[in-house]
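J.: Here it is, the structure in full.
Number of protein chains: 2
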Amino acid sequence: MDKRAFKDKVYTLSAKLIQAMANPRRLEIIDLLGQGERSVEEIARETAMSVANTSQHLQVLKQSNLVQLRRDGNFIRYRLANDKVYQSWQDLRMMGMESLAEMDRLITDFRRQKNSLHPVTLEDLLVRMRSKNTILLDVRPEGEFQAGHIPRAINVPIDQLASRIRELDKSMEYIAYCRGPFCVFADEAVELLVKKGFKASRLEEGFPDWKLRFPVEDVS
Amino acid sequence: MDKRAFKDKVYTLSAKLIQAMANPRRLEIIDLLGQGERSVEEIARETAMSVANTSQHLQVLKQSNLVQLRRDGNFIRYRLANDKVYQSWQDLRMMGMESLAEMDRLITDFRRQKNSLHPVTLEDLLVRMRSKNTILLDVRPEGEFQAGHIPRAINVPIDQLASRIRELDKSMEYIAYCRGPFCVFADEAVELLVKKGFKASRLEEGFPDWKLRFPVEDVS
DNA sequence: CAAATATTCAATTAACTTATTGAATAGTTG
DNA sequence: CAACTATTCAATAAGTTAATTGAATATTTG
Chain C
22 MDKRAFKDKV YTLSAKLIQA MANPRRLEII DLLGQGERSV EEIARETAMS VANTSQHLQV
82 LKQSNLVQLR RDGNFIRYRL ANDKVYQSWQ DLRMMGMESL AEMDRLITDF RRQKNSLHPV
142 TLEDLLVRMR SKNTILLDVR PEGEFQAGHI PRAINVPIDQ LASRIRELDK SMEYIAYCRG
202 PFCVFADEAV ELLVKKGFKA SRLEEGFPDW KLRFPVEDVS
Chain B
22 MDKRAFKDKV YTLSAKLIQA MANPRRLEII DLLGQGERSV EEIARETAMS VANTSQHLQV
82 LKQSNLVQLR RDGNFIRYRL ANDKVYQSWQ DLRMMGMESL AEMDRLITDF RRQKNSLHPV
142 TLEDLLVRMR SKNTILLDVR PEGEFQAGHI PRAINVPIDQ LASRIRELDK SMEYIAYCRG
202 PFCVFADEAV ELLVKKGFKA SRLEEGFPDW KLRFPVEDVS
């Protein structure tokens with residue numbers, strides 16, 4: 022095979038793989054599967070898509086080896102094929118946040134509205150957690166927390182936060198986290214906490230980003 | 022703005038950015054610009070595209086802030102907008118090499134044909150360079166070498182290698198590198214060296230990959 | 001300032017991608 | 001094994017993307 026044919030082929034293969042990621046619905050699926058495996062129905066519900074459409078997008082991801090699946094009773098459960106998939110998405114996401122002014126504006130506006138404008142980074146978190154009066158709050162659904170969470174975090178799912186807010190101590194400072202920088206649970210948590218007079222901010226990154234770099238804890 | 026609208030927007034913006042990368046010609050351009058800036062004409066020549074087509078692809082990359090440009094006399098010279106662009110491409114490339122069996126087969130076949138089947142990784146290189154009888158050979162064009170190279174490498178551009186091969190010492194072991202894992206200069210160098218009775222292998226990665234992680238040397 | 005050169009633009013055609021709809025399939029449960 | 005359920009498939013229409021061609025633009029050089 023000559024040089025040009027070889028290059029055409031490697032770049033074409035690479036482009037097809039990237040093409041499989043280059044769709045808003047599929048990115049949302051990848052982001053969600055970063056939490057752990059999900060059935061087609063669950064993915065459809067969480068991303069507000071029809072089941073048929075979700076299934077089609079999953080086929081595209083499967084054909085490019087970005088996801089794998091297993092049957093579990095009546096359900097087919099999908100998961101990311103390997104860590105590199107989420108890693109790549111994380112990098113692309115960072116590239117977007119750095120180079121697209123529009124993205125920056127969108128996120129800043131949203132967070133201003135939620136009082137979560139000054140997020141804490143993973144590096145900040147390591148420092149802040151040494152302090153006795155900082156509490157790390159995992160606001161994801163209970164199942165996700167149980168499947169793995171940042172060590173020392175406590176779990177109050179976002180939809181229980183309002184009713185369980187009396188459990189929290191006003192003298193403490195809260196750092197809320199959820200599924201990633203594009204997940205809004207943490208922003209909603211900060212909005213509520215600040216409104217009720219707590220000191221709170223959100224973690225910039227989410228659980229999957231922590232997991233790529235540090236050890237996790239689970240409930241077993 | 023509500024949650025769903027926010028999500029739709031961030032994923033759509035991200036997808037558009039990724040879409041701008043998801044094309045074989047544009048990946049080849051990004052890979053090439055990893056070496057340093059280039060005029061439209063140079064890019065067209067090195068990628069075997071028409072100038073008009075090259076220009077159109079460059080417009081797409083520019084609109085997504087993946088490349089920047091400056092005028093230099095009659096020429097417009099393009100460069101990557103920042104390190105994260107090459108970083109993302111590197112990650113996606115790794116993802117492809119890991120998860121696409123077809124990619125693996127393609128590269129293995131090509132290297133078998135060039136006798137460069139067992140490449141040395143960047144980590145291996147650091148160890149091997151401690152040995153007195155290993156020579157690191159940069160086979161990129163002279164200008165690229167001068168703009169930056171791996172410390173202690175010597176430059177013999179691939180198209181001069183045949184005529185200058187008598188300069189090389191047969192008792193030494195050679196490691197050839199070029200622009201990256203998809204660049205074939207190093208494979209061609211190894212093919213020639215092995216045929217002439219030298220001990221030679223290629224570096225898996227290329228200069229831009231080194232540059233993202235380690236200091237470089239230039240001619241000034 | 002005219003000629004030359006490098007690059008971009010515009011229009012066209014062919015190919016590909018997405019969402020929607022409704023039907024088909026393949027497992028599981030009673 | 002019949003009924004049920006979760007998922008996939010197939011067909012369609014609307015929208016998007018890519019390569020080609022030739023013309024237009026903008027800058028430099030003589």
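Going line by line, the protein sequences match chains C and B. Here the first sequence is numbered in the working numbering, starting from 22 and rising by one per residue. Here the second sequence is numbered in the working numbering, starting from 22 and rising by one per residue. Glycine is no exception: its CB is placed at the ideal position from the N, C-alpha and C atoms.
If you run the structure through DSSP and keep just helix, strand and coil, what is D93/C?
T.: Residue numbering aside, residue 93/C sits at position 72 when the first sequence is read from its first letter. D93/C: strand per DSSP, three-state reduction.
J.: Between the region 57–74 of chain C and the region 121–132 of chain C, do at least 3 Cβ pairs fall closer than 8 Å?
T.: Contact check between the region 57–74 of chain C and the region 121–132 of chain C: fewer than three CB pairs, one atom from each, fall below 8 Å, which does not count as touching.
J.: Pick helix, strand or coil for S85/B, following the three-state DSSP scheme.
T.: By one-based count along the second sequence, residue 85/B stands at place 64. S85/B falls in the coil class under three-state DSSP.
J.: Quick one: give me the first and last residue of the alpha helix (DSSP H) that E63/C is part of.
T.: The residue you call residue 63/C lines up with position 42 of the first sequence. Note, E63/C: alpha helix (DSSP H), 61–68.
J.: With respect to 7 Å, is the separation between the Cβ of L34/B and the closest non-hydrogen atom of the ligand ZN below this value?
T.: Absent from the structure shown: the ligand ZN. Ligands present: none.
J.: At the level of alpha carbons, what is the spacing between F18/C and T142/B?
T.: The structure shown has nothing for residue 18/C, since chain C only spans 22 to 241.
J.: Going along the chain, which residues of its own chain have a beta-carbon closer than 7 Å to the beta-carbon of G201/B, five neighbours each way excluded?
T.: Numbered from its first residue, the second sequence carries residue 201/B at position 180. Contacts found: D52, G55, E226, G227, P229, D230.
J.: Among residues of its own chain, excluding the 5 on either side of L252/C, which ones have a beta-carbon nearer than 8 Å to its beta-carbon?
T.: Beyond the ends of chain C as shown, which are 22 and 241, falls residue 252/C; an answer cannot be given.
J.: Whole angstroms is fine: what's the gap from D104/C's alpha carbon to E163/C's?
T.: Here residue 104/C refers to the residue found at position 83 of the first sequence. Here residue 163/C refers to the residue found at position 142 of the first sequence. Taking the straight line from one Cα to the other gives about 23 Å.
J.: Can you tell me which of C204/C, H78/C, K24/C, I175/C puts its alpha carbon nearest to the alpha carbon of A26/B?
T.: The residue given as residue 26/B occupies position 5 in the second sequence. Cα-wise, what sits closest to A26/B is C204/C.
J.: Inspect the beta-carbon positions of V211/C and H170/C and report whether they are closer than 8 Å.
T.: As a first step, residue 211/C is located in the first sequence; it is residue number 190 there, counting from the start. As a first step, residue 170/C is located in the first sequence; it is residue number 149 there, counting from the start. Contact: no.
J.: Does DSSP classify L158/C as helix, strand or coil?
T.: Along the first sequence, one-based indexing puts residue 158/C at 137. Correct three-state label for L158/C: strand.
J.: Confirm, please, whether the CB-CB distance from R126/B to R98/B is below 8 Å.
T.: Against the second sequence, residue 98/B aligns to sequence position 77. Against the second sequence, residue 126/B aligns to sequence position 105. No, the Cβ-Cβ distance between R98/B and R126/B is not below 8 Å.
J.: According to the neighbour-count rule (16 or more other Cβ atoms, all chains shown, within 10 Å of its Cβ), is S35/C buried or exposed?
T.: Position 14 of the first sequence holds residue 35/C. With 16 or more Cβ atoms within 10 Å of its Cβ, S35/C is classed as buried.
J.: Taking Cβ-Cβ distances below 9 Å as the criterion, which residues of the region 41–55 of chain C are in contact with chain B?
T.: Residues passing the 9 Å Cβ filter: A41, M42, A43, N44, P45, R46, R47, L48, E49, D52.
J.: Write down every uninterrupted run of the beta strand (DSSP E) in the region 148–195 of chain B whose length is 3 residues or greater and which is fully enclosed by it, in chain order.
T.: 155–159
J.: If you drop the 5 nearest sequence neighbours on each side, which residues of the same chain put their C-beta closer than 8 Å to that of Q108/B?
T.: Counting from one through the second sequence, the residue named residue 108/B turns up at place 87. Here the set comprises L233.
J.: Starting from S109/C, follow the alpha helix (DSSP H) in both directions and report where the run begins and ends.
T.: Walking along the first sequence from the start, residue 109/C turns up at place 88. Segment 104–120, the alpha helix (DSSP H) holding S109/C.
J.: For R114/B, go through chain C and note every residue whose CB falls closer than 7 Å to its CB, in chain order.
T.: Walking along the second sequence from the start, residue 114/B turns up at place 93. Those within 7 Å of R114/B in chain C are S35.
J.: My output table needs one value for L143/B: the three-state DSSP class, helix, strand or coil.
T.: Along the second sequence, one-based indexing puts residue 143/B at 122. The answer is helix: DSSP assigns L143/B an H, G or I state.
J.: Along chain C, in chain order, which residues have C-beta atoms closer than 8 Å to that of E119/B?
T.: On the second sequence, position 98 is the one that residue 119/B refers to. Chain C residues near E119/B: N103, K105.
J.: Between N108/B and chain C, is there a C-beta pair that is closer than 8 Å?
T.: Residue 108/B sits at position 87 when you count from the first residue of the second sequence. Note that residue 108/B is Gln in the sequence shown, not Asn. Yes, Q108/B counts as interfacial toward chain C.
J.: Quick one: grab the DSSP three-state call for A26/C.
T.: Mapped onto the first sequence, residue 26/C falls at position 5. Three-state result, A26/C: helix.
J.: So does the region 152–161 of chain B actually touch the region 171–179 of chain B, counting three or more Cβ pairs closer than 8 Å?
T.: yes
J.: Counting only beta-carbon separations shorter than 8 Å, does A65/B have a partner in chain C?
T.: As a working mapping, residue 65/B is identified with position 44 in the second sequence. At a cut-off of 8 Å between beta carbons, A65/B makes no contact with chain C.
J.: On the criterion of 16 or more Cβ atoms from any shown chain inside 10 Å, does H139/C qualify as buried, or is it exposed?
T.: The residue labelled residue 139/C in the question sits at position 118 within the first sequence. With fewer than 16 Cβ atoms within 10 Å of its Cβ, H139/C is classed as exposed.
J.: Can you tell me which of A168/B, S137/B, L87/B, D23/B puts its alpha carbon nearest to the alpha carbon of Y195/B?
T.: Stepping through the second sequence from its first residue, residue 195/B is reached at position 174. Comparing Cα positions, the closest option is S137/B.
J.: Using a beta-carbon distance below 8 Å, is K28/B in contact with chain C?
T.: What you label residue 28/B is simply residue 7 of the second sequence in a count that begins at 1. Interface residue, yes.
J.: Please report the straight-line C-alpha distance between L38/B and T68/C, rounded to a whole angstrom.
T.: Working through the second sequence from its first residue, we reach residue 38/B at position 17. Working through the first sequence from its first residue, we reach residue 68/C at position 47. In a straight line, the C-alpha of L38/B is about 20 Å away from that of T68/C.
J.: For V240/B, is the classification buried or exposed, using 16 other Cβ atoms within 10 angstroms of its Cβ as the cut-off for buried?
T.: What you label residue 240/B is simply residue 219 of the second sequence in a count that begins at 1. Exposed, since its Cβ has fewer than 16 Cβ neighbours within 10 Å.
J.: In the DSSP assignment, what residue or residues form a beta bridge with R200/C?
T.: Indexing the first sequence from 1 puts residue 200/C at position 179. BP columns for R200/C are empty, so no partner.
J.: Please say whether R91/B and M70/B have beta carbons closer to each other than 8 Å?
T.: Working through the second sequence from its first residue, we reach residue 70/B at position 49. Working through the second sequence from its first residue, we reach residue 91/B at position 70. With contacts defined as CB atoms closer than 8 Å, M70/B and R91/B fail to qualify as a contacting pair.
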